[in-house]
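Quick mapping for you: the protein sequence lines, in order, are chains D and L. The opening position of the first sequence corresponds to residue 44 in the working numbering, with each subsequent residue numbered one higher. The opening position of the second sequence corresponds to residue 52 in the working numbering, with each subsequent residue numbered one higher. Even glycine gets a Cβ: it sits at the ideal position worked out from N, Cα and C. Quantities reported herein were computed from a predicted structural model and do not represent experimental measurements.
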Amino acid sequence: MNDDLKNHTNDEPDFGPDAGVLPGPADPAFDAWIARVAPSLNEPRATPRLEMWQAIQAARDTARDAEAGRLPGVTPLRRRPWRLMSVIAAALLLGVAIDRVVLREAERPSVTPPVATGPRSDSNDATRLYRIAAAQTLTQAEALLTAYRSDGAPEQNAMDAQQLGRWGREVLSSTRLLMDSPAGDDPQLRALFNDLELVLVQIIQLSGGELDPQNRARERAPIDRALIERALESKDLLPRIRTAVPAGVAGANAASDD
Amino acid sequence: METERSSLKRADPLADQHALLERARRGDPSAHRALYDAHVDRIYRLTFRLTGTEHAAREVTQDVFVRAFAGIEGFRGDSAFSTWLHSIAVSLSLNEIRRRKRERARTAPLDEANELTDSAPRSDPLLRERVMKAVNDLPEGCRTVFMMHDAEGYTHQEIATALGVTAGTSKAQLARAREKLRAALAQFAGEWNP
């Protein structure tokens, strides 16, 4: 298969449990009849060209704005590697310091005789820190998405919209930090953050702001809301976050208990 | 002269397509729109056939073009643009079907037959409903091959490329799909054996 198709062709579809069984002899009369009937089964109506094109444009505008840092308060963090590296380095140093000073102080009264376990690696520290931060960010994201859904149409109320936008930007910053962290090598969590990032950007876009002088947010609100709902549903975002959060917390604790 | 002119005309679409893709790669919005206009009908029909509902077909078609335009810089032209779009469309449609299956497993069962026969012709509702149900009961891969081949007229080679299987697999799966349908619809045998 050529390279263009590799990334988009699905895993082989499920052909059923008897996929390897050779089919029996054909019945040409049935084959001809079903081939005549099939085109009229659930036949598509006219293509809603314009509506789909508008939705595609809206989705692409949102992605472009986010990429270019044109969304109010959203910094295209990944374009500044030096800043990212310093944030990660600071976070790791802080984590190691907390681990060595605080957590080991707490272990000291233990009557268990010391066991030679060997020194912890820095990568374990980084992974534990990452899990703790991921669990916290996902908890925030879940709360934000739940609030967004219960608000109905937040862009109708400027105050709600601003609050939601601010909150979204905070969660988005943490999400992007986690996405860019070299400690985040869990592919499932990475995919979850990717999907979450898209929804957060759309929510921020929907909330508008001072950098949106033409008030495009309000004009595009129905399309953006539909895109957000679609992303939430199609990506199973909330259930996945709920599944990941206990695992994240437990994982982080388990790592701390090592 | 006439022959020369018509052969030039035949060659033009390919050259146009390359030029269009080049413009689209450079981010020209009119090229994106032209590509959309050229392919949207077939992609929408396919996603509609595979997902079974207008709403899902719209959403999947939109996703197909958003992804294609986002990744067009990396499209090297090893395959035709339409082949690439179709592979994305099939992939996203199957994801959508799987997502709905998971959702159905979590929530109360939906009346799928009603949902899927909304736009079916009404001439023989019972038969059509049974055929549609039998089609929907096919394994995912069989159903996809059957809908692409018998309902939308794709060749086995096109189906194979979109699904990432061989043309032989596509043929075998079509035969299995028809065999299963024949068994499921046995009570209507008078329809094809009058």
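Does the distance from the C-beta atom of residue i to that of residue j stay below 8 Å?
{"i": "L/LEU225", "j": "L/PHE197", "result": "yes"}
{"i": "L/THR104", "j": "D/PRO56", "result": "no"}
{"i": "L/TYR87", "j": "L/PHE116", "result": "yes"}
{"i": "D/MET95", "j": "L/GLN113", "result": "yes"}
{"i": "L/ARG261", "j": "D/PRO91", "result": "In the structure as shown, chain L begins at 52 and stops at 245. Residue 261 of chain L is therefore absent and cannot be evaluated."}
{"i": "L/GLY128", "j": "L/LEU71", "result": "no"}
{"i": "D/ILE284", "j": "D/LEU181", "result": "yes"}
{"i": "L/HIS90", "j": "L/SER144", "result": "no"}
{"i": "D/ALA204", "j": "D/SER250", "result": "yes"}
{"i": "D/ALA190", "j": "D/VAL242", "result": "no"}
{"i": "D/ALA106", "j": "D/ASP267", "result": "no"}
{"i": "D/LEU280", "j": "D/LEU188", "result": "yes"}
{"i": "L/ALA75", "j": "L/ALA82", "result": "yes"}
{"i": "L/ALA140", "j": "L/THR98", "result": "yes"}
{"i": "L/ALA218", "j": "L/ASP188", "result": "no"}
{"i": "L/ALA121", "j": "L/GLU147", "result": "no"}
{"i": "D/VAL214", "j": "D/GLN179", "result": "no"}
{"i": "L/TRP243", "j": "D/PHE236", "result": "no"}
By the 10 Å Cβ neighbour count, where 16 or more other Cβ atoms means buried, how is residue i classified, buried or exposed?
{"i": "L/GLN208", "result": "exposed"}
{"i": "L/ASP201", "result": "buried"}
{"i": "D/ARG174", "result": "buried"}
{"i": "D/LEU270", "result": "buried"}
{"i": "L/ALA230", "result": "It should be pointed out that residue 230 of chain L corresponds to Glu in this sequence rather than to Ala. Classification of L/GLU230: buried, given that the 10 Å Cβ count is 16 or more."}
{"i": "L/SER142", "result": "buried"}
{"i": "D/ALA12", "result": "No answer is possible for residue 12 of chain D: the residues shown for chain D start at 44 and end at 301."}
{"i": "L/PRO190", "result": "buried"}
{"i": "D/SER193", "result": "exposed"}
{"i": "L/GLY241", "result": "exposed"}
{"i": "L/LEU232", "result": "buried"}
{"i": "L/PHE156", "result": "It should be pointed out that residue 156 of chain L corresponds to Ala in this sequence rather than to Phe. Under this definition L/ALA156 is an exposed residue."}
{"i": "D/THR218", "result": "buried"}
{"i": "L/ASN165", "result": "Reliability fails at L/ASN165, whose pLDDT of 43 lies under 50, so the model's placement of it is uncertain and no value is given."}
{"i": "D/ALA75", "result": "exposed"}
{"i": "D/GLY211", "result": "buried"}
{"i": "L/ALA185", "result": "buried"}
{"i": "L/HIS69", "result": "exposed"}
{"i": "L/ARG77", "result": "exposed"}
{"i": "D/LEU239", "result": "buried"}
{"i": "D/LEU220", "result": "buried"}
{"i": "L/ARG153", "result": "exposed"}
{"i": "L/ALA119", "result": "buried"}
{"i": "L/LEU161", "result": "In this predicted model, L/LEU161 has a pLDDT of only 43, less than 50, meaning its place in the structure is not dependable; the value taken from the coordinates is given anyway. Under this definition L/LEU161 is an exposed residue."}
{"i": "D/ALA89", "result": "exposed"}
Among the options, which one has its Cα closest to the Cα of residue i?
{"i": "L/GLY192", "options": "L/PRO80, L/LEU101, L/ALA75", "result": "L/LEU101"}
{"i": "D/VAL80", "options": "L/GLY204, L/ALA218, L/LEU97, L/ILE210", "result": "L/GLY204"}
{"i": "L/LYS222", "options": "L/LEU236, L/MET199, L/GLU242", "result": "L/MET199"}
{"i": "D/VAL13", "options": "L/ALA75, L/PHE126, L/ALA235, L/THR220", "result": "Residue 13 of chain D falls outside the range modelled here, since chain D spans only 44 to 301, and no answer is possible."}
{"i": "D/VAL288", "options": "D/ALA177, D/GLN231, D/GLN245", "result": "D/ALA177"}
{"i": "D/ARG233", "options": "D/GLU240, D/LEU243, D/MET222", "result": "D/MET222"}
{"i": "L/HIS137", "options": "L/ASN244, L/ILE210, L/TRP243", "result": "L/ILE210"}
{"i": "D/ASP108", "options": "D/THR286, D/GLY208, D/VAL244", "result": "D/VAL244"}
{"i": "D/GLN42", "options": "D/THR286, D/ARG171, D/ALA89, D/GLY59", "result": "Because residue 42 of chain D is not part of the residues shown, which for chain D are 44 to 301, the question remains open."}
{"i": "D/ASP104", "options": "L/LYS184, L/PRO80, L/LEU236", "result": "L/PRO80"}
{"i": "D/LYS278", "options": "L/ARG181, L/ARG150, L/ARG93, L/ARG84", "result": "L/ARG150"}
{"i": "D/GLY59", "options": "L/PRO245, L/ASN244, L/ILE123, L/ALA228", "result": "L/ALA228"}
{"i": "L/ALA85", "options": "D/ILE247, D/PRO282, D/ASP229, D/LEU93", "result": "D/LEU93"}
{"i": "D/ASP229", "options": "D/ILE246, D/GLN248, D/THR170, D/GLU272", "result": "D/THR170"}
{"i": "D/GLN248", "options": "D/GLN97, D/GLY67, D/ILE99, D/ARG209", "result": "D/ARG209"}
* Asked: Can we say the segment 214-224 of chain L touches the segment 68-86 of chain D, given the rule of at least three CB pairs closer than 8 Å?
  -> no
* Asked: Which runs of the alpha helix (DSSP H), 4 residues or longer, sit entirely within the segment 99-152 of chain L?
  -> 105-121
* **Entirely enclosed alpha helix (DSSP H) segments - the segment 175-238 of chain L, minimum 4 residues** => 176-187, 191-197, 207-214, 218-235
* Where are the alpha helix (DSSP H) runs, 4 residues long or more, that stay fully inside the segment 52-85 of chain D, in chain order? -> 71-80
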